[in-house]
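Chains as they are written, first to last, in my numbering: chain P, 1 to 96; chain G, 101 to 196; chain V, 201 to 296; chain E, 301 to 396; chain W, 401 to 496.
Here a beta-carbon is modelled for each residue, glycine too, at the ideal position from N, C-alpha and C.
Everything below concerns the one structure shown next.
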Amino acid sequence: MEMGTVIGNVWATRKEDDLRGLKFLIVEPEMPGRTPAGAPFVAVDRIGAGFGDQVLVTRGSAASNMSNDFKLPIDALIIGIIDSIDVEKKEVNDRG
Amino acid sequence: MEMGTVIGNVWATRKEDDLRGLKFLIVEPEMPGRTPAGAPFVAVDRIGAGFGDQVLVTRGSAASNMSNDFKLPIDALIIGIIDSIDVEKKEVNDRG
Amino acid sequence: MEMGTVIGNVWATRKEDDLRGLKFLIVEPEMPGRTPAGAPFVAVDRIGAGFGDQVLVTRGSAASNMSNDFKLPIDALIIGIIDSIDVEKKEVNDRG
Amino acid sequence: MEMGTVIGNVWATRKEDDLRGLKFLIVEPEMPGRTPAGAPFVAVDRIGAGFGDQVLVTRGSAASNMSNDFKLPIDALIIGIIDSIDVEKKEVNDRG
Amino acid sequence: MEMGTVIGNVWATRKEDDLRGLKFLIVEPEMPGRTPAGAPFVAVDRIGAGFGDQVLVTRGSAASNMSNDFKLPIDALIIGIIDSIDVEKKEVNDRG
C-alpha cells in the first residue's frame, strides 16, 4: 500500500454505470516523513476520508476486491486513515 | 485512477476477436492542474469521451472488470468524464 | 494499452508447459509519434504481427484474459495491429 | 518479488472492515546488496516480521492471494523473511 | 514479459505456508542486447533455470497463474529459458 494525503475531490457526472455513488478523492503519494513521492492520483473512498487526511491506499486491481461478488473497474482504494507511523533508524539484522 | 486528456484515436482492423467494436482513445496522463504527467497510452471508452475531454482512467487488469462475466484483455478503461476538480492547498492534519 | 513496434523474436525451448506453441515477440514501446518510450519487452502474439508492425499491447495480468477458461502466466499480449493513429493538438475543453 | 527491510509500522483505526486485525509494516525496497531501491511502501505481514528484518514482498493484486476464498483489497504482502542471499558475478551463458 | 539474467538465489525459511518448496531466484532485467534495465528482483522458478541463464519472466499477478486451481501470492515467475533472440533494425511499416 502507499501512504499519501488527500488533497482534493473529483466530480464526474458521466461515468461507468457501476460507479454511481462512489466518492473519488485525489491523493498525493508520500514518503513516511510526508514529503511528496510521485504524481497525485484518484482513489475511491468509502471509509470517510477527507481533505488533509493521511491515508493508506491500495493500488492496482486489488482495489476492486472492495466487493468480492461484483468486481468494479477501479484501480485505487483508500483502505485506512492513518493514526500514526513509527519509523526506526534502519538497523540491519544479521543474516543467516 | 489517473486523470488525463483525450488527445487522439487509434484504429486497428486486425485485432483480438473479442475486442471488435470497442473504441480506442489515446489519453495523455496529467497532474490535477493539467500539466502532462507521463507517456500517452490507449484506453477503451464506452461512455462517449472525445477529443479534449478530461477523463478518469482505470489502468491495469481492473479495466477488464467492465464486464464481470467475460474478462477482456484490456488494461485501460475510461471510467468517467471529469466535470470539475477541487484541489486544496495541502493542510496536514494532526496525527493522533 | 501501449503502442509500440515489433522489433524481434524470442525463442525458448525450455518453458512452462502451458506456453508451448505460443509466439513471443519483442516490442519497443513508443509515443504516438513513434519515438521510443521505454525498455523493450516480450509479448505473446496470436493475430499474426511481424517485424516492423506497429501494435497495441495489453500489459499486466489482463493479458491472460486471452483465454477465460484457463489463465496463462503471461503479462503482455498484442491485441491489435495499428492501421492509423490520429492525434490532435490538445485543445482543453471547458470544465463544467 | 522485491527484497527490502522493515523500517516501521503504520496504525490505522479507521479502515476497510475486512482488514481489521492485520499488521501493516513499512518496507524499504532494496537491491540485493541492501542499498535502497525506491520509495518505502506498506505491506501486510502475518509471518512475524519485525524491525530490521530483510524480507521478500509480493506486490500487486497477487498479494490478495493470501486467502483464496475471500480476496482482500491489499497490494503488498510479506511472503518471507530472508535468511541469506547469494549473488554471483554475472557470467553470461552461451546462447543456443 | 521481461528478459533478464539469473544472478542469484534467495533463501527464506520462515515464509507463507503455501510457498514451501518453491525455488526463488534473483533476476536482473535486461535490454535485448543484455545491458541491465532496472533493479534486480526475485522470481519463482520451476523449469530449472540457474546462474547465468537468460530467462523470460512474467511479472505481476499473472505469475500466480502457474496454478489455476489455487493462486499463490507470487508476483514473478520464470516462464522460459531463452535460446536465442533476434532483433532487427527497426524498419517502420507504412501505416494504413
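| Item | Value |
| --- | --- |
| Are the CB atoms of G/Ile182 and P/Ala49 within a distance shorter than 7 Å? | no |
| Whole angstroms are fine: how far does the CA of P/Asn68 sit from the CA of W/Val406? | 37 Å |
| How close, in whole Å, do the beta carbons of P/Asp86 and E/Gly308 come, if the pair is a contact with beta carbons under 8 Å? | 5 Å |
| Just the Cα atoms here: how many angstroms apart are V/Glu230 and P/Glu88? | 42 Å |
| For W/Ile481, would you say it is in contact with chain V, using Cβ-to-Cβ distances shorter than 7 Å as the test? | yes |
| To which residues of the same chain is W/Met401 closer than 7 Å at the C-beta, ignoring the five residues directly before and after it? | Leu456, Val457, Thr458 and Ile479 |
| Hey, out of G/Ala176, G/Gly121 and G/Asp153, whose CA is closest to G/Ser161's CA? | G/Ala176 |
| Quick check on this structure: which residue in W/Val444, W/Ser484, W/Gln454 and W/Asn465 has the alpha carbon closest to the alpha carbon of W/Leu419? | W/Val444 |
| Of the residues that make up the segment 355 to 371 of chain E, which ones have a beta carbon closer than 7 Å to any beta carbon in chain W? | Leu356, Thr358, Arg359, Gly360, Ser361, Ala362, Ala363, Asn365, Met366 and Asn368 |
| The beta strand (DSSP E) with P/Lys71 in it runs from where to where? | Unbroken run through P/Lys71: none, as it is neither H nor E. |
| Please check the pair W/Pro473 and E/Met366, which I expect to be a contact at CB under 8 Å, by giving their CB distance rounded to whole angstroms. | 5 Å |
| For the segment 27 to 40 of chain P, which residues have a CB atom closer than 7 Å to at least one CB atom of chain E, in sequence order? | Met31, Pro32 and Ala37 |
| Indicate whether at least one CB of chain G lies closer than 7 Å to the CB of P/Val87. | no |
| Is there a C-beta anywhere in chain W that falls below 7 Å from the one on E/Leu377? | yes |
| Exposed or buried, which one is W/Arg495 when buried takes at least 16 other CB atoms within 10 Å? | Because the pLDDT at W/Arg495 is just 45, under 50, the model does not fix this residue reliably, and the value given afterwards should be weighed accordingly. Exposed, because fewer than 16 other Cβ atoms sit within 10 Å of the Cβ of W/Arg495. |
| Quick one: Cα of P/Val27 to Cα of W/Ser484, how far? | 44 Å |
| State the start and end residues of the unbroken beta strand (DSSP E) segment that holds V/Ala243. | Phe241 to Asp245 |
| Only counting the same chain, and skipping five residues up and downstream in sequence, which positions put a Cβ closer than 7 Å to that of E/Leu322? | Val344 |
| Taking the straight line between their C-alpha atoms, what separation do you get for V/Arg214 and W/Gly404? | 15 Å |
| Anything in chain P within Cβ reach of E/Gly264, meaning under 9 Å, just list it in chain order. | Outside the shown range of chain E (301 to 396) lies residue 264 of chain E, about which nothing can therefore be said. |
| Restricting to Cα atoms, I'd like to know which of P/Ala63, P/Ala39, P/Pro32 and P/Val42 is closest to E/Phe341. | P/Pro32 |
| Enumerated in chain order, which unbroken segments of the beta strand (DSSP E) with a length of 3 residues or greater are wholly contained in the segment 204 to 267 of chain V? | 223 to 230, 241 to 245 and 254 to 259 |
| Where V/Arg234 and V/Asp253 are concerned, what is the direct C-alpha to C-alpha distance, given to the nearest angstrom? | 12 Å |
| Could you name the residues of the same chain whose beta carbon sits closer than 8 Å to that of P/Val10, not counting the 5 residues immediately before and after it, in chain order? | Phe24, Leu25, Ile26 and Val42 |
| Straight-line CA distance for P/Ala63 to V/Arg246? | 30 Å |
| Let's see if you can read the secondary structure: which residues bound the beta strand (DSSP E) around G/Ile185? | Ser184 to Val187 |
| In chain order, what residues of the same chain lie with their CB nearer than 7 Å to the CB of G/Gly138, ignoring the 5 residues before and after it? | Pro129 |
| Using the beta-carbon of each residue, which ones in chain G are nearer than 7 Å to P/Lys23? | The premise fails here: P/Lys23 is roughly 12 Å from chain G at the closest Cβ pair, so nothing lies under 7 Å. |
| Based on the DSSP secondary-structure assignment, which residues constitute the bridge partners of G/Ile178? | G/Val157 |
| Work out the CA separation of G/Lys171 and V/Phe270 for me, nearest whole Å. | 12 Å |
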